[in-house]
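Reading through the structure tokens given below for one structure.
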Amino acid sequence: IATDMMALRRHEKDFLSRKDMQYVQRFDQAAATASEALTELQQQLKQSSFSLPEVAQLQQQLKRYSEAFSALHKKQQTIGLHSEDGLYGSLRQAVHGVETLAKDEGQYELLYHMLMLRRHEKDFMLRRDSKYMDRFDKQVASFDQALTQSFSLQEDQIRTGLKRYQQQFSQLVQEEVAIGLTENDGLRGKMRTEVKKKEQLFESGGERLSAIAEQQENKSHERLLVAVLVIIVLISGITLIVSRTIHGPSY
Numbered sequence: 222i223a224t225d226m227m228a229l230r231r232h233e234k235d236f237l238s239r240k241d242m243q244y245v246q247r248f249d250q251a252a253a254t255a256s257e258a259l260t261e262l263q264q265q266l267k268q269s270s271f272s273l274p275e276v277a278q279l280q281q282q283l284k285r286y287s288e289a290f291s292a293l294h295k296k297q298q299t300i301g302l303h304s305e306d307g308l309y310g311s312l313r314q315a316v317h318g319v320e321t322l323a324k325d326e327g328q329y330e331l332l333y334h335m336l337m338l339r340r341h342e343k344d345f346m347l348r349r350d351s352k353y354m355d356r357f358d359k360q361v362a363s364f365d366q367a368l369t370q371s372f373s374l375q376e377d378q379i380r381t382g383l384k385r386y387q388q389q390f391s392q393l394v395q396e397e398v399a400i401g402l403t404e405n406d407g408l409r410g411k412m413r414t415e416v417k418k419k420e421q422l423f424e425s426g427g428e429r430l431s432a433i434a435e436q437q438e439n440k441s442h443e444r445l446l447v448a449v450l451v452i453i454v455l456i457s458g459i460t461l462i463v464s465r466t467i468h469g470p471s472y
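Counting from 222, one number per residue, gives the positions in the sequence shown under my numbering.
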């Protein structure tokens, strides 16, 4: 069970770093194996008339952990698993559309503002700091003002593309915040909390399970000792009877 639980954490980290759905499948398999093992352990304890609350608590903890990871990988799929997927891909398309329109008219000031927007976008993705969302929004305002003063023949199309870019970046930021900008925030923070609870439950449950095993072992030794004593008494009794039969008086 402990091995399966450790595998869950490893698959979670591999998915976050590599954005590969194969680690979601591995996570689900390890979670199913751990759940079956916990259920089997619960049944064995019940059959032996023992109670270990930590097992039921671990089952609930595993469920919450799995639900949080499921929500996390779905949000990551919305954001994108690679540069051309999900919101990543939509952002690239929106940027390309605005840049093409600006280049066609030689609107170099607008291209400068778009370059700055891309910089804030990339800074957010790299540093995972919400302050870059504020800088992005301020840059959009500057872009919009420059667009108004540019007298561009494609002003409406450029503004529509800019608005779409801003909306999609805002959605990306919201999804990233929900996942967690640090390991202590969002779904990542929730999962980390569940991992800590799991470790505490394993420690306390392991101690109680060891005590139960020791108690069972002592009882087994006691039963074995009683059985040996009974056998000794029986053998002694039989030996005494046989001895009396052989050496007893004859008539």
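Even glycine gets a Cβ: it sits at the ideal position worked out from N, Cα and C.
Secondary structure of residue i, DSSP reduced to three states
{"i": "I379", "result": "helix"}
{"i": "M242", "result": "coil"}
{"i": "L308", "result": "helix"}
{"i": "R409", "result": "helix"}
{"i": "L374", "result": "coil"}
{"i": "H303", "result": "coil"}
{"i": "G318", "result": "helix"}
{"i": "R349", "result": "coil"}
{"i": "Q328", "result": "coil"}
{"i": "F390", "result": "helix"}
{"i": "S256", "result": "helix"}
{"i": "S425", "result": "helix"}
Inter-residue Cα distance where the pair is residue i and residue j
{"i": "T224", "j": "Q298", "result": "28 Å"}
{"i": "Q328", "j": "Q370", "result": "11 Å"}
{"i": "F304", "j": "Q280", "result": "One detail in the question is off: residue 304 reads as Ser in this sequence, not Phe. So the alpha carbons of these two residues sit roughly 37 Å apart."}
{"i": "F290", "j": "L408", "result": "8 Å"}
{"i": "V449", "j": "E424", "result": "Any reading at V449 must be qualified, since the residue scores a pLDDT of 49, below 50, and its modelled position is unreliable; no value is offered."}
{"i": "V394", "j": "G410", "result": "17 Å"}
{"i": "K384", "j": "D344", "result": "20 Å"}
9 Å Cβ cutoff met for residue i and residue j
{"i": "R339", "j": "V361", "result": "no"}
{"i": "V276", "j": "L259", "result": "yes"}
{"i": "A323", "j": "M335", "result": "yes"}
{"i": "D406", "j": "V398", "result": "yes"}
{"i": "E396", "j": "L308", "result": "yes"}
{"i": "I379", "j": "L331", "result": "yes"}
Range of the contiguous alpha helix (DSSP H) that encloses residue i
{"i": "L279", "result": "274 to 300"}
{"i": "L402", "result": "Taken as a continuous stretch (DSSP letters only), L402 belongs to no alpha helix (DSSP H), as it is neither H nor E."}
{"i": "R356", "result": "352 to 371"}
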